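Q: Position 111 of the sequence shown, counting from 1, maps to 664 under the working numbering, and the rest follow consecutively.
C-beta atoms are modelled at their ideal positions from N, C-alpha and C, and glycine is treated no differently.
Fair warning: this is a prediction, and the values are worked out from it, not measured in the lab.
Starting off with a structure, shown below.
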Amino acid sequence: TVTLFSRLRLFALVDFKTKHLVTNTDETLRCTGGAGVSLCDINVNPQNYSPLLVAQTVPASQGLVEMYEQNGAFAKLREVSASYSLPDRFMPPGANRASIMLSAREVATWTSYRGLDPENAGQSILPPLSRITATFSIGF
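Now the structure itself:
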């Protein structure tokens with residue numbers, strides 16, 4: 554948290570994880586599972602990939618799924634906020650403090666992981682949704 558001009562407070566929360574190897578089960582199912590085979594580009598257009606990579610796309614039941622283990626390292630901007638304390642002249646009658654805050658959560662993710670979210674890898678769920686919130690607080 555940083556305070557500027559005694560009235561403006563800025564806050565940011567960054568989270569990261571390194572050396573995080575995850576199995577992208579969404580991609581595994583899409584590329585090796587029955588109905589999903591046609592959804593995987595490597596199965597539809599094998600000429601666009603190296604022969605070694607194509608050879609590794611055998612069904613998971615044969616045990617060769619290393620290509621779906623991916624670097625799940627990430628950095629996330631979890632939250633940013635700005636809060637401004639109003640001067641006395643802008644406060645409602647009887648109030649001793651008032652502030653306005655604007656915040657955003659789950660702002661950005663930086664990763665080389667090819668799935669939806671490296672923290673939820675293999676769970677086939679969406680990553681956390683981004684949210685923006687405005688708050689007006691008055692203290693009496």
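Suppose the cutoff is 8 Å on Cβ atoms and the five residues either side in sequence are ignored; what does the same chain contact list for residue 665 look like?
A: These residues qualify, in order along the chain: 623, 624 and 626.
Q: What is the DSSP secondary structure of residue 682, reduced to helix, strand or coil?
A: Of the three classes helix, strand and coil, the one that applies to residue 682 here is coil, per DSSP.
Q: Might you give, ordered along the chain, the residues of its own chain that have their beta carbon closer than 6 Å to the beta carbon of residue 688, omitting 5 neighbours on each side?
A: Excluding positions up to five away in sequence, the list reads 654.
Q: Tell me which residue opens and which closes the beta strand (DSSP E) that residue 624 is part of.
A: Looking at the DSSP string, the run of the beta strand (DSSP E) that includes residue 624 is 622 to 624.
Q: In this structure, does DSSP put residue 571 in helix, strand or coil?
A: It is coil, neither helix nor strand.
Q: May I ask which residues mark the beginning and end of the beta strand (DSSP E) holding residue 654?
A: Residues 650 to 664.
Q: Considering only their Cβ atoms, is the gap separating residue 563 from residue 628 smaller than 7 Å?
A: Their beta carbons are not under 7 Å apart, which means residue 628 does not touch residue 563 by this criterion.
Q: What does the alpha-carbon distance come out to for the pair residue 613 and residue 575?
A: Confidence at residue 613 is low in this model, with a pLDDT of 47, below 50, so its placement is unreliable and no value can be given for it.
Q: Does the beta carbon of residue 623 sit closer than 7 Å to a beta carbon anywhere in chain C?
A: Checking the listed chains, one finds no chain C in this structure; it contains a single protein chain.
Q: Rounding to the nearest angstrom, what Cα-Cα distance links residue 667 and residue 680 in this structure?
A: Distance between the alpha carbons of residue 667 and residue 680 is about 13 Å.
Q: Among 557, 559 and 621, which has the Cα closest to the Cα of residue 580?
A: Selected option, being the one with the closest Cα: 621.
Q: State buried or exposed for residue 582, treating a residue as buried only when at least 16 other CB atoms are found within 10 Å of its CB.
A: Under this definition residue 582 is a buried residue.
Q: How many Å lie between residue 561 and residue 600 at the Cα?
A: Those two C-alpha atoms are separated by around 57 Å.
Q: Can you list, in chain order, the residues of its chain whose CB lies under 6 Å from that of residue 639, leaving out five sequence neighbours each side?
A: The answer, listed in chain order, is 651.
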